[in-house]
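Trainee: There's a structure below that I have some questions on.
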Amino acid sequence: QQQVKQSPQSLIVQKGGISIINCAYENTAFDYFPWYQQFPGKGPALLIAIRPDVSEKKEGRFTISFNKSAKQFSLHIMDSQPGDSATYFCAASMPIRGSTLGRLYFGRGTQLTVWP
Amino acid sequence: GAVVSQHPSRVICKSGTSVKIECRSLDFQATTMFWYRQFPKKSLMLMATSNEGSKATYEQGVEKDKFLINHASLTLSTLTVTSAHPEDSSFYICSARDSLAGYNEQFFGPGTRLTVL
Chain H
1 QQQVKQSPQS
11 LIVQKGGISI
21 INCAYENTAF
31 DYFPWYQQFP
41 GKGPALLIAI
51 RPDVSEKKEG
61 RFTISFNKSA
71 KQFSLHIMDS
81 QPGDSATYFC
91 AASMPIRGST
101 LGRLYFGRGT
111 QLTVWP
Chain L
117 GAVVSQHPSR
127 VICKSGTSVK
137 IECRSLDFQA
147 TTMFWYRQFP
157 KKSLMLMATS
167 NEGSKATYEQ
177 GVEKDKFLIN
187 HASLTLSTLT
197 VTSAHPEDSS
207 FYICSARDSL
217 AGYNEQFFGP
227 GTRLTVL
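Taken in order, these protein sequences are the chains called H and L. The first sequence runs 1 to 116 under this note's numbering. The second sequence runs 117 to 233 under this note's numbering.
Next up, the structure:
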């Protein structure tokens, strides 16, 4: 069972536009929601992360919006650039305690293409 | 930011041989490291969780005798693919959790491309 559902699977955006990727989860025990960016042949890189006590977090052109009641969170990339073309993964994890060692549950990924 | 290295980045081996992949956290201590496998255009599939000084915890369906994991220090975990076969060809990625971080910040290595002939 997919713990984190991500959409869309692929996204094509014009340069300068806004890219929006959505994720949804069911497990209310999740308390940490990171986004990773992955280029072909490379490992994922941590882009931005949010905790459920805030509704929005912004870092440069990247913003996470978090809706705790709806159990949804999304990544917004403002002024999208061709260099942003990559695969983006959302993830979620539970508090680290006892035998819960911080496993990340990943979405299936979104392949973003930004046209110049 | 925190850096995780993997070695080798690419390896080609003959069927039946064993291959060792190293994962190192370069500027932080990692009590816990994770090993993933990724198929083309797919998400990351967790293989096992590695804890320093103890046995790894394997995900269901992952053969622990085939994928040997050793986490001997706070900065090094190794994955050994034993008696490799062509179906083991894949992209293997490790991640390391910063032991001192308040939340579950994990940093990934650059990955190792394994090709078994």
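Yeah, the Cβ is synthetic: ideal placement off N, Cα and C, and Gly gets one too. Given the structure is predicted, the values throughout are model-derived calculations rather than measurements.
#1: How long is the line joining the alpha carbons of E138 (chain L) and P52 (chain H), rounded to whole angstroms?
#2: Out of H:H76, H:G43, H:A45, which has the shortest C-alpha to C-alpha gap to E56 (chain H)?
#3: Listed from N- to C-terminal order along the chain, which residues in the region 60 to 86 of chain H have their beta-carbon within a distance smaller than 7 Å of any beta-carbon of chain L?
#4: For E203 (chain L), which three-state DSSP category applies?
#5: Buried or exposed: L216 (chain L), going by 16 or more other Cβ atoms within 10 Å of its Cβ?
#6: Please report the straight-line C-alpha distance between R103 (chain H) and S159 (chain L), rounded to a whole angstrom.
#7: Using beta carbons (cut-off 8 Å, strictly below), is Q39 (chain H) in contact with chain L?
#8: Report buried or exposed for V119 (chain L), applying the criterion of at least 16 other Cβ atoms within 10 angstroms of its Cβ.
#9: Quick one: grab the DSSP three-state call for P82 (chain H).
#10: Going by other Cβ atoms of all chains shown within 10 Å of its Cβ, with 16 needed for buried, is F39 (chain H) buried or exposed?
#11: Would you report the Cα separation of M94 (chain H) and E221 (chain L), rounded to the nearest angstrom?
#12: Whose CA, out of H:D84, H:V4, H:D31, lies closest to the CA of L112 (chain H)?
#13: List the residues of chain H whose Cβ lies closer than 7 Å to the Cβ of Y174 (chain L), in chain order.
#14: Exposed or buried, S211 (chain L), counting other C-beta atoms within 10 Å across all chains shown (16 or more means buried)?
#15: My output table needs one value for T165 (chain L): the three-state DSSP class, helix, strand or coil.
#16: Please check if any C-beta of chain L sits within less than 8 Å of the C-beta of Y32 (chain H).
#17: Are the CB atoms of P226 (chain L) and S125 (chain L) nearer to each other than 8 Å?
#18: Buried or exposed for L29 (chain H), going by 16 or more other Cβ atoms inside 10 Å?
Mentor: Looking at the atomic coordinates:
#1: Locating residue 138 (chain L) in the second sequence gives position 22, counting from the first residue. Locating residue 52 (chain H) in the first sequence gives position 52, counting from the first residue. Cα to Cα, the separation comes out at about 34 Å.
#2: For this step, residue 56 (chain H) is matched to residue 56 along the first sequence. E56 (chain H) has its Cα closest to that of H:H76, out of H:H76, H:G43, H:A45.
#3: Answer set for the region 60 to 86 of chain H: empty.
#4: Walking along the second sequence from the start, residue 203 (chain L) turns up at place 87. Helix at E203 (chain L).
#5: Numbered from 1 along the second sequence, position 100 holds the residue referred to as residue 216 (chain L). With a 10 Å radius around the Cβ and a threshold of 16 neighbouring Cβ atoms, L216 (chain L) comes out exposed.
#6: Within the first sequence, numbered from 1, the residue matching residue 103 (chain H) stands at position 103. Within the second sequence, numbered from 1, the residue matching residue 159 (chain L) stands at position 43. Looking at the two C-alpha atoms, the distance is approximately 15 Å.
#7: Walking along the first sequence from the start, residue 39 (chain H) turns up at place 39. At residue 39 (chain H) the sequence reads Phe, which differs from the Gln that was named. With its beta carbon at least 8 Å from every one in chain L, F39 (chain H) lies outside the interface.
#8: As a working mapping, residue 119 (chain L) is identified with position 3 in the second sequence. Counting of Cβ neighbours within 10 angstroms places V119 (chain L) among the exposed residues, the total staying below 16.
#9: Stepping through the first sequence from its first residue, residue 82 (chain H) is reached at position 82. In the structure shown, P82 (chain H) sits in a helix (DSSP, three-state: H, G or I).
#10: Counting from one through the first sequence, the residue named residue 39 (chain H) turns up at place 39. Classification for F39 (chain H): exposed.
#11: Counting from 1 along the first sequence, the entry for residue 94 (chain H) is found at position 94. Counting from 1 along the second sequence, the entry for residue 221 (chain L) is found at position 105. The straight-line gap from Cα to Cα measures roughly 12 Å.
#12: On the first sequence, position 112 is the one that residue 112 (chain H) refers to. That would be H:D84, whose Cα lies nearest to the Cα of L112 (chain H).
#13: One-based indexing of the second sequence puts residue 174 (chain L) at position 58. Contact note: Y174 (chain L) does not reach chain H at a C-beta cutoff of 7 Å; the least C-beta distance is about 12 Å.
#14: For the purposes of this step, residue 211 (chain L) is identified with residue 95 of the second sequence, where counting begins at 1. Sixteen is the threshold: when 16 or more other Cβ atoms of the shown chains lie within 10 Å of the Cβ of S211 (chain L), as they do, the residue is buried.
#15: Translated into positions along the second sequence, residue 165 (chain L) becomes position 49. T165 (chain L): strand per DSSP, three-state reduction.
#16: Walking along the first sequence from the start, residue 32 (chain H) turns up at place 32. Cβ-Cβ to chain L under 8 Å: yes for Y32 (chain H).
#17: As a first step, residue 226 (chain L) is located in the second sequence; it is residue number 110 there, counting from the start. As a first step, residue 125 (chain L) is located in the second sequence; it is residue number 9 there, counting from the start. Closer than 8 Å, so yes.
#18: Counting from 1 along the first sequence, the entry for residue 29 (chain H) is found at position 29. Rather than Leu, the amino acid found at residue 29 (chain H) in this sequence is Ala. So A29 (chain H) ends up on the exposed side.
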